[in-house]
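Each number in the working numbering comes from the position in the sequence shown (counting from 1) with 416 added on. Below is one structure, written out as structure tokens, with a few remarks after it.
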Amino acid sequence: MNLDELNKVARAMVAPGKGILAADESSGTIKKRFDTIGVESTEDSRRDYREMLFRSTEGMKHISGVILYDETIWQKAKDGTPLVELIKKAGSIPGIKVDEGTKPLPNCPGEVVTIGLDKLADRLPKYFEQGARFAKWRAVIDIGANGIPSYTCIRANVHALARYAALCQAAQIVPIVEPEVLMDGDHDVERCATVTKLVLKLTFEELYFNRVALEGIVLKPNMVISGKKNGKRAGIEEVAERTVKVLKNCVPGAVPGIAFLSGGQSDEEATAHLDAMNKIGNLPWALTFSYGRALQHAPQTTWKGKSENVAAAQRAFSHRAKMNGLAALGQWKADMEKKAA
Ligand code: 13P
């Protein structure tokens, strides 16, 4: 492992004013998204859609890296250019989702564990050869009644995360370490803070026991936020303050950067929260975005699978990328959204 090189890639992933585009929806998930805009999900339609994003010149200026799904990393654009080359030409780093989704966790009703470790050591060098310089593995922790999340579930998931991270670094690939505490449900922000803190403490413990070099990772956490169905959801400032507080308590300064998932927040909410955190300032790590839905909802609903909508969809994507780029610097203002509308 060349840690200097890993650290260089990790820092580039969280470079000032830039963040990550999570375009790694599995075929099942992208089908669900396409269903809502009336587009049939085929190999070609998925390719056309993603090619459109990667060719958004303005938007890609704010995108440091793109997380791809296995299908996409091998795909070629309509003109025969590998999609990975389009990403590199745009000045962005290709990355790859390597987990294989979740399975029910035995003895823990309602809880899941992320799988995909078995052949990972063999798969990683192939992805490296194909241009991937970072990877992603998402662990999913739910908050619910009846002792959810259980200690068993958190332990099993953070152990897999740390094993994945160690394998990535051995293959000279920067691991995005993603322990996601879901925002589904009606829990309050305090409960999210408690669970997130426990999950992050155990994540870093496992990373340590698995000898993962923190200088060569990027953390992708949830924000400390109220459940979607909570009647009295915390406001922007409270989410920002609570998230920064938990992160300061749990994430060592050796970690180059933290790139949040959007997790079901509205586009503007995700931007406003990131901006408010960066406005607090004086943080030991870069704080940026690694958004899927909050970057893609606008271009998807504009595109609707029609070639005549491509330019408008690219503008919609570029706008969100720019807004989030500004939020990563703490320079976003709400009226920038209205001006663009
Ligand atoms: P969302 O921003 O839509 O939560 O997706 C980010 C991601 O990559 C989840 O793994």
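Quick reminder that beta carbons are idealized off the backbone N, C-alpha and C, glycines included.
DSSP state of S682, grouped into three classes?
Taking the first residue of the sequence shown as 1, we reach residue 682 at position 266. S682 sits in coil when the DSSP states are folded into three classes, being neither helix nor strand.
Any residue with its Cβ nearer than 5 Å to a heavy atom of the ligand 13P should be included. What is that list in chain order?
A438, R554, L677, S678, G679, Y707, G708, R709
Contact belief for S480 with V430 at Cβ below 8 Å, rounded distance in angstroms:
As a working note, residue 480 is residue 64 in the sequence shown. As a working note, residue 430 is residue 14 in the sequence shown. Yes, S480 and V430 are in contact; Cβ-Cβ is about 7 Å, under 8 Å.
Helix, strand or coil: which one does DSSP assign to L703?
To locate residue 703, count along the sequence shown from 1; it is residue 287. It is a strand residue.
Helix, strand or coil: how does DSSP classify W553 here?
For this step, residue 553 is matched to residue 137 along the sequence shown. In the structure shown, W553 sits in a strand (DSSP, three-state: E or B).
Shortest alpha-carbon distance to V425 belongs to which of F550, C584, L437, F470?
Your numbering for residue 425 matches position 9 in the sequence shown. For the residues F550, C584, L437, F470, the minimum Cα distance to V425 belongs to F550.
C-alpha gap between P591 and G746, whole angstroms:
Start at 1 with the first residue of the sequence shown, and residue 591 comes out as number 175. Start at 1 with the first residue of the sequence shown, and residue 746 comes out as number 330. Their backbone Cα atoms lie some 26 Å apart in a straight line.
To the nearest angstrom, how far is it from the Cα of V628 to the Cα of A582?
Within the sequence shown, the letter at position 212 stands for residue 628. Within the sequence shown, the letter at position 166 stands for residue 582. Distance between the alpha carbons of V628 and A582 is about 5 Å.
Taking the continuous alpha helix (DSSP H) assigned at I446, which residues delimit it?
To locate residue 446, count along the sequence shown from 1; it is residue 30. It spans 443–452 - the alpha helix (DSSP H) in which I446 sits, taken as one unbroken run.
Using the C-alpha atoms, what's the distance from A744 back to G643?
Here residue 643 refers to the residue found at position 227 of the sequence shown. Here residue 744 refers to the residue found at position 328 of the sequence shown. Spanning the two alpha carbons is a distance of roughly 24 Å.
Give a yes or no on whether the C-beta atoms belonging to I570 and L614 are separated by under 8 Å.
Along the sequence shown, one-based indexing puts residue 570 at 154. Along the sequence shown, one-based indexing puts residue 614 at 198. In this structure, L614 lies closer than 8 Å to I570 by Cβ.
Please list, in chain order, all residues of the same chain as A586 whose beta carbon is under 7 Å from its beta carbon, the five residues on each side excluded.
Along the sequence shown, read from residue 1 onward, the residue named residue 586 stands at position 170. So the list reads M417, once near-sequence residues are dropped.
Excluding five sequence neighbours on each side, which residues of the same chain lie with their C-beta closer than 6 Å to the C-beta of I674?
Position 258 of the sequence shown holds residue 674. For I674, where only same-chain residues beyond five positions count, the Cβ hits under 6 Å are L635, W701, L703.
Could you tell me the boundaries of the beta strand (DSSP E) in which T530 lies?
Locating residue 530 in the sequence shown gives position 114, counting from the first residue. Its beta strand (DSSP E) spans residues 528–530.
Of all the CB atoms in chain E, is at least one closer than 8 Å to the CB of G511?
Reference to chain E is not applicable here, since this structure consists of a single protein chain.
Proximity to P668 [Cα-Cα], best of A732, N523, L623, A750:
What you label residue 668 is simply residue 252 of the sequence shown in a count that begins at 1. P668 has its Cα closest to that of L623, out of A732, N523, L623, A750.
Please report the Cβ distance between E527 and P565, rounded to the nearest whole angstrom; I am assuming they are in contact, meaning their Cβ atoms lie under 8 Å.
Translated into positions along the sequence shown, residue 527 becomes position 111. Translated into positions along the sequence shown, residue 565 becomes position 149. Correct: roughly 7 Å between the Cβ atoms.
Determine the closest residue to A438 out of G721, K738, Y707, with distance taken between C-alpha atoms.
Residue mapping note: residue 438 aligns to position 22 of the sequence shown, counting from 1. Considering only alpha carbons, the answer is Y707.
Mapping DSSP to helix, strand and coil, what is L635?
Working through the sequence shown from its first residue, we reach residue 635 at position 219. The answer is strand: DSSP assigns L635 an E or B state.
Buried or exposed (CB count within 10 angstroms, at least 16 for buried), D683
Against the sequence shown, residue 683 aligns to sequence position 267. By the 10 Å Cβ count, D683 comes out buried.
Roughly how many angstroms separate the alpha carbons of K505 and T610, rounded to a whole number?
Your numbering for residue 505 matches position 89 in the sequence shown. Your numbering for residue 610 matches position 194 in the sequence shown. Taking the straight line from one Cα to the other gives about 42 Å.
Among I557, A656, K722, which residue has its Cα nearest to the Cα of D370?
Past the boundaries of the shown model lies residue 370; the chain is included only from 417 to 757, so the question cannot be answered.
What does the Cβ neighbour count give for I503, buried or exposed, with the cut at 16 atoms within 10 Å?
Along the sequence shown, one-based indexing puts residue 503 at 87. Counting Cβ neighbours within 10 Å, I503 comes out buried, since at least 16 surround it.
By the three-class DSSP mapping on this structure, what secondary structure does A439 have?
Position 23 of the sequence shown, counting from 1, holds the residue named residue 439. Looking at A439 - three-state DSSP - the assignment turns out to be strand.
So does the region 716–732 actually touch the region 689–700, counting three or more Cβ pairs closer than 8 Å?
no
Cα-Cα separation between K732 and T718, rounded to whole angstroms
Counted from its first residue, the sequence shown places residue 732 at position 316. Counted from its first residue, the sequence shown places residue 718 at position 302. As written in the sequence, residue 732 is Ala, which differs from the Lys given in the question. The alpha-carbon atoms of A732 and T718 are separated by roughly 7 Å.
Residues of its chain near D602, where Cβ-Cβ distance is below 7 Å and the 5 sequence neighbours each way are ignored
Against the sequence shown, residue 602 aligns to sequence position 186. Setting aside the 5 residues that flank it on each side, D602 is surrounded in the same chain by G643, K645, N646, each with a C-beta closer than 7 Å to its C-beta; the list follows chain order.
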